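This report refers to the structure that appears directly beneath it.
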Amino acid sequence: MRIVFLGPPGAGKGTQAEILSKEKKLQHISSGNLLRDAVENGTETGLKAKQYIEKGQLVPDQIVVDIIRDRILDKDCRNGFLLDGFPRTLAQAKALDEMLKKLGNKLDIVFYFVVSKESIVLRLSGRRICSACGANYHTKFVPSVKDGICDKCGGKLYQRADDKLETVQERIRIYHEQTEDLIEYYKKNGILKEIESETDIKTITKKIFNVIKDASQNEPLINFGVA
Ligand code: AMP
Numbered sequence: 001m002r003i004v005f006l007g008p009p010g011a012g013k014g015t016q017a018e019i020l021s022k023e024k025k026l027q028h029i030s031s032g033n034l035l036r037d038a039v040e041n042g043t044e045t046g047l048k049a050k051q052y053i054e055k056g057q058l059v060p061d062q063i064v065v066d067i068i069r070d071r072i073l074d075k076d077c078r079n080g081f082l083l084d085g086f087p088r089t090l091a092q093a094k095a096l097d098e099m100l101k102k103l104g105n106k107l108d109i110v111f112y113f114v115v116s117k118e119s120i121v122l123r124l125s126g127r128r129i130c131s132a133c134g135a136n137y138h139t140k141f142v143p144s145v146k147d148g149i150c151d152k153c154g155g156k157l158y159q160r161a162d163d164k165l166e167t168v169q170e171r172i173r174i175y176h177e178q179t180e181d182l183i184e185y186y187k188k189n190g191i192l193k194e195i196e197s198e199t200d201i202k203t204i205t206k207k208i209f210n211v212i213k214d215a216s217q218n219e220p221l222i223n224f225g226v227a
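Be aware that the sequence shown starts at 1, since it is given in full-length UniProt numbering, and climbs by one per residue.
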């Protein structure tokens, strides 16, 4: 299966993607993580992307499309993947369709996470990430047992620089300006599934699970560990 997670920053896409990818049947491809890795490794792409990420702006389409194309072509993506944070513009969505067409594939489902601006700000301001394994936490909703330390690997937790309030507001503004167009695009394609995401993590996972179950009908695909 080829799935896209679409929605504003802080809608819970990364958390849900982590849960689904644990099952190993779908590779979790986060454009944000790929770009942050490139910045950290000081690659040419990373140097170009850094200034945009720091300001909460979108990295130019061509850079992101190239990075995603390379990843999708990896062997481990042949059986399916879950794109988190890509596409974010109409040009990226069209480039993705082209890429998949060349591979004889297409997208199966686009999940659209719907959440209020107030929740986004609350979620992002409390978000903490493990510097070693990338696990997601939240100071209020999903706290680690030991303050600032990852439960899974003992790594140090940090707050992303672009999760600070001013940058969050800019990211939300850009989401409305550039990414909302995609909702219509995928609606017209008939593959958009709206997921109301104000509720808790487990309830959202269940909703996603039900949609996938319906879509794959007879194919016993994934056990998400929820009833
Ligand atoms: P995220 O982790 O998805 O919130 O992405 C963090 C930042 O990476 C964004 O604010 C953008 O600067 C950049 N980025 C991630 N994905 C994309 C994309 N598909 N197109 C353009 N920029 C992106």
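A virtual CB, placed ideally from N, CA and C, is assigned to each residue, including glycine.
Just so it is clear, the structure is predicted and the values come from calculations on it, not from any experiment.
Per DSSP, reduced to three states, the secondary structure at Ile-191 is coil, with no helix or strand assignment.
Three or more pairs of CB atoms, one per stretch, sit closer than 8 angstroms, so the region 73-91 contacts the region 29-45. For Ile-149, there is no enclosing beta strand (DSSP E), as DSSP marks it with neither H nor E.
Here DSSP, grouped into helix, strand and coil, assigns Arg-78 to coil. Burial check for Thr-43: the Cβ neighbour count within 10 Å stays below 16, so the residue is exposed.
By the criterion of at least three beta-carbon pairs nearer than 8 angstroms, the region 112-120 is not in contact with the region 138-147. By the CB criterion at 9 angstroms, Thr-167 and Glu-54 fall inside the cutoff. Shortest gap from the CB of Gly-190 to any heavy atom of ligand 1: 8 angstroms or more. Membership of Asn-136 in any alpha helix (DSSP H) is not indicated; the residue belongs instead to the beta strand (DSSP E) covering 136-138. The alpha-carbon of Lys-156 is positioned some 6 angstroms away from that of Ser-131. A distance of 9 angstroms or more separates the beta carbons of Arg-123 and Tyr-137. Shortest Cα-Cα distance from Asn-33 to any of Glu-18, Val-121, Lys-22 involves Glu-18. In this structure, the alpha-carbon of Leu-165 lies about 18 angstroms from that of Gln-51.
Residue ranges of uninterrupted alpha helix (DSSP H) with 4 or more members, entirely inside the region 19-93 and ordered along the chain, are 31-40, 44-55, 61-72. Closest in alpha carbon position to Met-1, among Leu-100, Lys-94, Val-65, Thr-45, is Leu-100.
For the 9 angstroms CB-CB criterion, Leu-182 and Arg-69 do not form a contact.
Cα atoms of Ala-215 and Phe-209: separation of roughly 10 angstroms, rounded to the nearest angstrom.
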